[in-house]
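This report refers to the structure that appears directly beneath it.
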Amino acid sequence: MAKDRLSEVLERYEAVIGLEIHTELTSLKSKMFCGCPVEFGGEPNTRVCPVCLGLPGALPVPNEAAVEATVLAGLAVNCDIALWSQFHRKQYFYPDMPKDYQISQYDLPFCSGGHLDVEVDGDAVFQRVDRDSEEEYTARIGITRIHLEEDTGKMIHVGGAEGRISGAEKSLVDFNRAGTPLMELVSEPDIRTPEEARRFAQKLRLIMLTLGVSDCSMEEGSMRVDGNISIRLRGEIELGTKSEIKNMNSFKALHDALAYEIVRQADLMDVGERVVQETRHWDVGAKRTSMLRSKEEAHDYRYFPEPDMVPFAFTEEWVESIAQRVPELPDAKRERFMGTWDLPKYDAVVLTSDLAMAGFFEAAVAQTGPARAKSVANTMINDFSAHLNAEGIGVDESPVKPSMLAELVVLVDDGTISGKQAKEVFSAMVKTGEAPAVIVEARNMRQVSDTSAIEAVVDAIIAANPDEVASYRGGKIGLVGWFVGQVMREMRGQGNPKVVNEVLRRKLG
Amino acid sequence: MIDLSVLSATEIRDGIAGKRFSAREVADAAFARVEALEPSIHAFNQLTPELAEAAADRVDAMVAAGDELPPLAGVPAAIKDNMNLVGTRTTCSSKILASYESVYDCTAVRRLLDAGALPVGKCNLDEFAFGSSTENSAFGVTHNPWDTDRVPGGSSGGSAAAVAAGMATVSLGSDTGGSIRQPGALTGTVAMKPTYGRVSRYGCVAFASSLDQIGPFAHNVRDAALVLNAIAGKDEMDATSVTETVPDFTATLNDGVKGLRVGIVRDMLELEGLDPGIKASVEAAAARYAALGAEVGDVDIPAARHGLSAYYIIGPAEASSNLARFDGIRYGYRVDDATDVLDLYMRSRAEGFGPESIRRIMLGTYALSAGYYDAYYGQAQKARTLIIEDFAKAFESYDVLLTPTSPEVAFKIGEKSTDPLAMYLSDVFTIPLNLAGLPGVSMPCGLSEGLPIGLQVIGRHFDEATMLRAAAALEADLALDMTPSMARGGLDG
């Protein structure tokens, strides 16, 4: 329902959306300012030390790998890297924050002034009514900054409904997460539709996965997206009053919450009411946002330079050395897939939208040779993806390995088995994990392409069915299918359909 | 029994190594003095005889095994109660941490004990090191061994009094604006703040992170240098500790001051309110330097007059942040009938902190608030830069600089406790060094009306060696007996 209303609303109003995306640097060995390991879960308060517990006298020592990872991320999204940077303290009281200040960055973030290009196609193109074309488009979304900070602990509220704080009897704190390196990216308010927001977040996630800095799990909270959103009448230059949306724990939630919020704000403005600046919580079950806190409760964070650490002075050479470590990014990989293997854009997009898929594809093509790249792509996009979806597993969890898929493609391509047989082999491969050649051998599925063997069968069939031969020769050429069926039955399905057809047509004359 | 009032750290170590007495006997002598003197001094929040005896037994075992003894083997040492040591409480003389048990060791304390020192106990201080008299303690006032009606200075008053009374041969204090040097002056001890970054701050409960530095108290310059040898050097747990080479600070102590350029900070010496006896004593010390062959002249540090104001912005600003963690959630004092988390925070902190702590937290919070930051914190940082520049200029012409340590000798208990601004003035000569990160040592240079006077010798960044050489030369020349009468002798005859 919201979607229909959304299109209607977006014809009159323009949405102005900026995202704040927190990414935990989960691939690092240790926390931001101490040596405790970075891992998800675990017995509460077991991965802690005096530093991340904020015990009296403990001091933070910055994790250089986290700084490098942040600079790497900044370079991957076209940011400028500050040669002079430092941490600040952001101060507020909350029980999940051991020191009652968070070591973060303020006016001197490591990275600033970047951008990402996101491509939007399909129905969502229509949400962007300022466009004069219905074709897919690319939107450039500015990135204001990326800075580094430490994550907080986690509160566990006991005795209330659904673990919410209201009505809870008591609250417990788990500091295992406290001090986990957390990278915060702030986008410019360049996003105009919920779909652009989703594509931006998805692309950023793919880049972070490519860089190997985080597992980017929205479910486990290692990637958290908040949105700032306001709307204004089309043609209006002044910004409307914004709300900040939290608790969008999936890409779908991000899209749906922003769509909901656009409609909610439009409904208020349509009847002459004002939008109030506030923070709102997305309730995925009820499919609506509700107020979390108003602007009046906003904090004065009293930022000041972190005196326990000296500022960072980087050289151009150092930044260049980090830039050398930026791997091939998704856009470049997609272009390469299209260029090197002549894949259609659709195939390239599907294969490069998942790191493991892309890796699988490249490994398989290395075995089949580039001429069979399209066949590999087809098998992966169809059979392989269907299998992964059916099992609900990731690429690496499948019993089907790149070498097996490559072998299967080659078997079809050189005529050893038919496309139909390939489906059967694929199913068997999924069940047994055996190599295609083994399956083909065991099931005696080897396709017969030998013309003389086929001719012998065809001759026998023609001799045994004089009436049908007469009908065919009398003009009922549709009967060829029936002949093919007879031949194939005789050959227990192993005749090469192409050769069988050819021989039949020749013999039937 | 061993007379700890006359033995230096080296004499104790050598005496143990030469088997003239055991480390255990030294420990017993120290605690005998504690038993006799502590009731009238109250230097300690907690005594640690078990830890001292265990440490003494380790030293004696080394002697028995014929092992080389570390430099401070068997030396009784007292530790300011804002430094963590497993097996002790670290209270910061605050109700809010009254029952807080250390779960890790402060690096400087660990290094001191690794050098063989015997931990006598944890010393009283002004709560969280906020003060100059050791009157702002949740556990009572510390008395000056020279006159028990007077304060020992502060905030490291307990560490100073323990050494002055000979209950410990050396001790550790922390200095944010003068908290080692000023009590050093008021108790007639040698008291040093090293260069910022020279000694790790890890494990010392932070007051103002950009100003704090741990340093020693001792009866003489050599002992202070020995302690600095033990505690100095890079610590991976403190990002502001530096990798600068650590020399043997005792190596050049006897090299004299011939040709050394000694600058008297003239504009500080002309400060209104400076005790004339102290001024005369500092001038006399300068004259002795000239007599010893130093080139003595005058220099001004004009920006230092902004020191006090800048310090009372930066110090409280950082303190307000550093003390936020004492919130009653994870450890420390907590009201047991809180209605919600805000109530828990507000009442635990209001009840747990003493008045001076609350005053500084409020000052600092205000100074960092939106709309005031530039006018206060920003300006203070600019003043700090000017002070750094003025000192740098002075050090172009001089190798060390001289000022009084404190504008007055030990004052009466209660005399200033109701007037925070008068109290703040106690640190007018010491604060500029913290703002500039410079090392300074206070050493006795005479008496005024029977009470010790402190001379502050200031060195270049990371040039404690020259500073200590200058102090040692004057110490030898003056040859003062700085043992207060109550602390004289072996006490048990």
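Sequence lines, in order, name chains A and B.
Counting from 1, position 113 in the first sequence corresponds to residue 113 in our numbering; the numbering is continuous, with no gaps.
So the mapping is simple: our numbering equals the position in the second sequence, first residue as 1, plus 1000.
Positions of the beta carbon are idealized from the N, C-alpha and C atoms, including for glycine.
In this text, all values refer to a predicted model and were calculated from it rather than measured experimentally.
Since V1203/B meets chain A, which of its residues come closer than 7 Å, beta carbon to beta carbon? For the purposes of this step, residue 1203/B is taken as residue 203 along the second sequence, with counting starting at 1. According to the sequence provided, residue 1203/B is Gly. The question's Val does not apply to it. Near G1203/B (Cβ distances below 7 Å), the residues of chain A are G57.
Chain-order list of residues whose beta-carbon lies under 7 Å from that of D1492/B (same chain, five-residue window excluded): One-based indexing of the second sequence puts residue 1492/B at position 492. Residue placement at D1492/B cannot be trusted, given a pLDDT of 48 that sits under 50; what the coordinates show is reported in the next sentence. Within its own chain, the residues whose Cβ lies closer than 7 Å to the Cβ of D1492/B, once the five positions on either side in sequence are excluded, are M1001, A1032, listed in chain order.
What residues in its chain sit with their C-beta under 6 Å from that of A1159/B, if we drop five residues either side in the sequence? Counting from one through the second sequence, the residue named residue 1159/B turns up at place 159. Checking the displayed sequence, the identity of residue 1159/B turns out to be Ser instead of Ala. Answer for S1159/B: A1078, K1080, C1123, S1171, G1173, F1217, listed in chain order.
If we count Cβ pairs, one from each stretch, closer than 8 Å, do we get three or more for the segment 1126–1146 of chain B versus the segment 1411–1423 of chain B? yes
Do V1199/B and A1232/B have their C-beta atoms within less than 7 Å of each other? Residue mapping note: residue 1199/B aligns to position 199 of the second sequence, counting from 1. Residue mapping note: residue 1232/B aligns to position 232 of the second sequence, counting from 1. Against a cut-off of 7 Å, the Cβ pair of A1232/B and V1199/B comes out as a contact.
Can you find the residues in the same chain that come closer than 8 Å, C-beta to C-beta, to K29/A, ignoring five residues on each side of it along the sequence? For the purposes of this step, residue 29/A is taken as the residue at position 29 of the first sequence. Within the same chain, K29/A has close Cβ partners P37, V38, A65.
May I ask you to verify whether the segment 109–123 of chain A touches the segment 71–89 of chain A, counting CB pairs closer than 8 Å and requiring at least 3? Touching, yes, given that three or more Cβ pairs across the two stretches are closer than 8 Å.
Which same chain residues, not among the five before or five after V458/A, have their C-beta less than 7 Å away from its C-beta? The count along the first sequence starts at 1 and reaches residue 458/A at position 458. Excluding positions up to five away in sequence, the list reads V487, V503, L504, K507.
Measuring straight from C-alpha to C-alpha, what distance separates D1494/B and V1262/B? The structure shown does not extend to residue 1494/B, since chain B spans only 1001 to 1493, so no value can be given for it.
Starting from Y137/A, follow its DSSP beta bridges and name the residues at the other end. Position 137 of the first sequence, counted from the first residue, corresponds to residue 137/A. Bridge partners of Y137/A: V120/A.
Closer than 7 Å to chain A by CB, I1002/B: Numbered from 1 along the second sequence, position 2 holds the residue referred to as residue 1002/B. The beta carbon of I1002/B does not come within 7 Å of any beta carbon belonging to chain A, so the residue lies off that interface.
Give me the DSSP bridge partner(s) of Q1213/B. The residue labelled residue 1213/B in the question sits at position 213 within the second sequence. Per DSSP, D1175/B.
Chain B beta carbons: is any one of them nearer than 7 Å to that of D4/A? Looking up residue 4/A in the first sequence gives position 4. No, because no Cβ of chain B sits closer than 7 Å to the Cβ of D4/A.
Give me the Cα-Cα distance between P1071/B and A1115/B, rounded to the nearest whole angstrom. Counting from one through the second sequence, the residue named residue 1071/B turns up at place 71. Counting from one through the second sequence, the residue named residue 1115/B turns up at place 115. Their Cα atoms are separated by approximately 6 Å.
If we cut at 7 Å on Cβ distances, does A1232/B have a partner in chain A? If you number the second sequence from 1, residue 1232/B lands on position 232. Taking Cβ atoms only, chain A never reaches closer than 7 Å to A1232/B, which makes this a no.
Taking 7 Å as the CB-CB cut-off, is D308/A touching chain B? For the purposes of this step, residue 308/A is taken as the residue at position 308 of the first sequence. Judged by the 7 Å Cβ criterion, D308/A is in contact with chain B.
Secondary structure of G1015/B, DSSP reduced to three states: Stepping through the second sequence from its first residue, residue 1015/B is reached at position 15. Helix.
K203/A (DSSP reduced to helix, strand or coil): Your numbering for residue 203/A matches position 203 in the first sequence. In the structure shown, K203/A sits in a helix (DSSP, three-state: H, G or I).
Once you ignore the five residues that flank A2/A on each side, which residues in its own chain have a CB closer than 8 Å to its CB? The sequence position of residue 2/A within the first sequence is 2, counting from 1. Unreliable positioning characterises A2/A in this predicted model, as indicated by a pLDDT of 46, which lies under 50. The coordinate reading is nonetheless provided below. Answer for A2/A: D256, A259, Y260, V263, K287, listed in chain order.
Quick check on this structure: which residue in N382/A, V349/A, A406/A, Q277/A has the alpha carbon closest to the alpha carbon of G369/A? In the first sequence, counting from the first residue as 1, residue 369/A sits at position 369. G369/A has its Cα closest to that of A406/A, out of N382/A, V349/A, A406/A, Q277/A.
Distance, Cα to Cα, A1380/B vs G54/A? Counting from 1 along the second sequence, the entry for residue 1380/B is found at position 380. Counting from 1 along the first sequence, the entry for residue 54/A is found at position 54. Cα to Cα, the separation comes out at about 27 Å.
Name, please, each residue of chain B whose Cβ falls closer than 7 Å to the Cβ of R89/A. Counting from 1 along the first sequence, the entry for residue 89/A is found at position 89. At a C-beta separation below 7 Å, R89/A has these neighbours in chain B: S1321.
Closer than 7 Å by beta-carbon distance: list the chain B residues that pair up with G74/A, in chain order. Reading the first sequence from its first residue, position 74 is the one you call residue 74/A. What G74/A touches in chain B: nothing, since even the nearest Cβ is about 22 Å away.
What did DSSP end up calling L1047/B once you bin it into helix, strand or coil? Working through the second sequence from its first residue, we reach residue 1047/B at position 47. If DSSP states are grouped into helix, strand and coil, L1047/B belongs with the strands.
In angstroms, rounded to a whole number, what distance separates the CA positions of M1443/B and E1318/B? What you label residue 1443/B is simply residue 443 of the second sequence in a count that begins at 1. What you label residue 1318/B is simply residue 318 of the second sequence in a count that begins at 1. Cα to Cα, M1443/B sits roughly 29 Å from E1318/B.
Can you tell me whether L239/A is helix, strand or coil according to DSSP? Counting from 1 along the first sequence, the entry for residue 239/A is found at position 239. Coil, per DSSP.
For N247/A, collect the residues of the same chain with a Cβ closer than 6 Å to its Cβ; drop the 5 residues on either side in sequence, then sort them by chain order. Residue mapping note: residue 247/A aligns to position 247 of the first sequence, counting from 1. For N247/A, same chain residues with a beta-carbon under 6 Å away, outside a window of 5 residues either side, are H281, W282 in chain order.
For the segment 1338–1354 of chain B, enumerate the residues whose C-beta is nearer than 7 Å to any C-beta of chain A, in chain order. V1341, Y1345
Our contact map puts A1303/B next to I1387/B with C-beta atoms below 8 Å; I'd like the distance itself, whole angstroms only. Reading the second sequence from its first residue, position 303 is the one you call residue 1303/B. Reading the second sequence from its first residue, position 387 is the one you call residue 1387/B. Their Cβ separation, rounded to whole angstroms, is 5 Å, which keeps A1303/B and I1387/B in contact under 8 Å.
DSSP three-state label for D1492/B, please. As a first step, residue 1492/B must be located in the second sequence, where it is residue number 492. Residue placement at D1492/B is poorly supported in this model, since its pLDDT is 48, which falls under 50; the coordinates are not used for a value here.
Starting from K541/A, trace the beta strand (DSSP E) in both directions and tell me its first and last residue. Any answer about residue 541/A is impossible in this case: the structure gives chain A only from 1 up to 509.
Could you tell me the distance, in whole angstroms, from the CA atom of R1222/B to the CA atom of T1250/B? As a working mapping, residue 1222/B is identified with position 222 in the second sequence. As a working mapping, residue 1250/B is identified with position 250 in the second sequence. C-alpha separation (whole angstroms): 6 Å.
Please decide whether G54/A counts as near chain B, where near means a Cβ-Cβ distance under 7 Å. Your numbering for residue 54/A matches position 54 in the first sequence. Yes, because at least one Cβ of chain B sits closer than 7 Å to the Cβ of G54/A.
Apply the 10 Å Cβ neighbour rule to H1219/B and answer buried if 16 or more other Cβ atoms are within range, or exposed otherwise. Here the question's residue 1219/B lines up with position 219 in the second sequence. Looking at its Cβ environment, which holds 16 or more other Cβ atoms inside 10 Å, H1219/B is buried.
Taking only beta-carbon positions, decide if Y101/A is within less than 7 Å of chain B. Here the question's residue 101/A lines up with position 101 in the first sequence. Yes, its Cβ sits closer than 7 Å to a Cβ of chain B.
Suppose you measure from the CA of D96/A to the CA of G1315/B; what does that come to, to the nearest Å? Reading the first sequence from its first residue, position 96 is the one you call residue 96/A. Reading the second sequence from its first residue, position 315 is the one you call residue 1315/B. Using only the alpha carbons, I get a separation of about 26 Å.
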